[in-house]
Amino acid sequence: MTVSDQTQPTPPGHAGLPLIGDRAPDFAAESTHGPVRLSDYAGRWLVLFSHPADFTPVCTTEFVAFTELTDEFTARGTALLGSAVDSVHSHLAWTRAIEQKLGVRVPFPIIADLDMRVSRAYGMLHPNTSATAAVRAVFVIDPEQTVRAVLYYPMNAGRMIPEILRLLDALQTSDHDGVSCPANWRPGEDVVLGAPRTQAELEARLADDSVKLTDWYLATKAGTAA
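Structure, rendered in structure tokens:
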């Protein structure tokens with residue numbers, strides 16, 4: 132990707148909502164760990180996620196759950212970055228309360244998005260839900276700063292953090308091995324091969340003893356162990 136490609140505006144039709152395959156919008160913001168930019172995370176995976184508000188029950192359980200699995204994300208070369216339309220002082224007071232009341236120290240930064248620039252750039256504000264509080268959005272961004280997955284959850288349903296880890300595993304496995312991951316896939320399980328595009332590819336597929344062939348277009352092989 133050239134510099135000129137990187138500076139192209141988001142195509143009309145989905146302004147404010149980065150889609151899978153789009154370059155993730157850069158930003159500069161204050162956080163609980165000081166100033167932060169998206170470009171600070173270039174070269175590694177990033178899970179950027181928003182929550183509706185500090186000092187709320189479901190959000191508190193989510194931050195505990197993210198914290199408990201921080202080492203798992205780190206092992207996958209992935210950073211965590213939270214965001215909400217709240218101040219740095221509110222974030223700091225909330226994370227301190229989590230540590231004091233629940234014994235959990237939140238190790239990753241939380242963006243103080245009072246001007247809502249990050250929320251608007253990433254389509255985290257859904258007007259029919261709230262004009263000032265972000266929904267539970269998750270953006271998985273790869274080392275080239277391309278959006279690879281987007282998840283949205285309503286305010287009254289907490290996220291399943293192990294599923295975000297599983298999704299990350301699937302993306303990294305697909306990139307590394309040139310395969311796809313089937314429904315309910317977990318690391319180490321069989322992966323899916325792309326359908327043959329030519330007669331020669333089909334004949335090679337049929338002759339490959341390592342491939343489990345269900346039909347000419349549906350084939351799997353053993354996945355890499357976790």
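If you count by this note's numbering, then the sequence shown holds residues 132 to 357, one letter each, in order. No residue lacks a Cβ here, since even glycine has one placed at the ideal position from N, Cα and C. Only a predicted model underlies this, so the values are computations on that prediction, with no experimental measurement involved.
For S250, the enclosing alpha helix (DSSP H) stretches over residues 248-252. In terms of Cα proximity to A301, the closest of N287, P318, A288 is P318. In the DSSP annotation of this structure, the continuous segment of the alpha helix (DSSP H) that includes L298 starts and ends at 292-308.
The beta-bridge partner set that DSSP reports for R168 consists of A159. By the CB criterion at 8 angstroms, T263 and V216 fall inside the cutoff. When C-beta atoms of the stretch 244-261 are compared with those of the stretch 223-232, fewer than three pairs fall below 8 angstroms, so the two segments do not count as touching. When C-alpha distances from R297 are compared across R267, A353, A314, the shortest belongs to A314.
A straight-line Cα-Cα distance of about 21 angstroms links L324 and I151. Between the stretch 282-292 and the stretch 175-194 there are three or more inter-stretch CB-CB distances shorter than 8 angstroms, so the stretches are counted as touching. For H182, the closest C-alpha among the options A350, S305, T355, Y283 is that of Y283.
I151 carries a coil assignment under DSSP once its states are collapsed to helix, strand and coil.
Rounded to whole angstroms, R267 and A184 show a C-alpha spacing of 10 angstroms. Across the set V178, Q303, T209, V195, the C-alpha of V195 shows the shortest separation from the C-alpha of G234. For T192, the uninterrupted alpha helix (DSSP H) segment begins and ends at 188-199. For S181, the enclosing beta strand (DSSP E) has its first and last residue at 176-181. R227 sits in a helix when the DSSP states are folded into three classes.
DSSP places R207 in the coil class of the three-state scheme, outside both helix and strand. In this structure V322 is not in contact with T345, their Cβ atoms being roughly 14 angstroms apart against a cut-off of 8 angstroms.
Taken through DSSP and simplified to helix, strand or coil, A288 comes out as coil.
Spatial neighbours of A265 in its own chain (CB-CB distance under 8 angstroms, excluding positions within 5 residues in sequence) are listed in chain order as S181, H182, P183, S214, A215, V216, D244, S250, M255, L256. In this structure the stretch 157-164 does not touch the stretch 199-211; the number of beta carbon pairs closer than 8 angstroms is below three.
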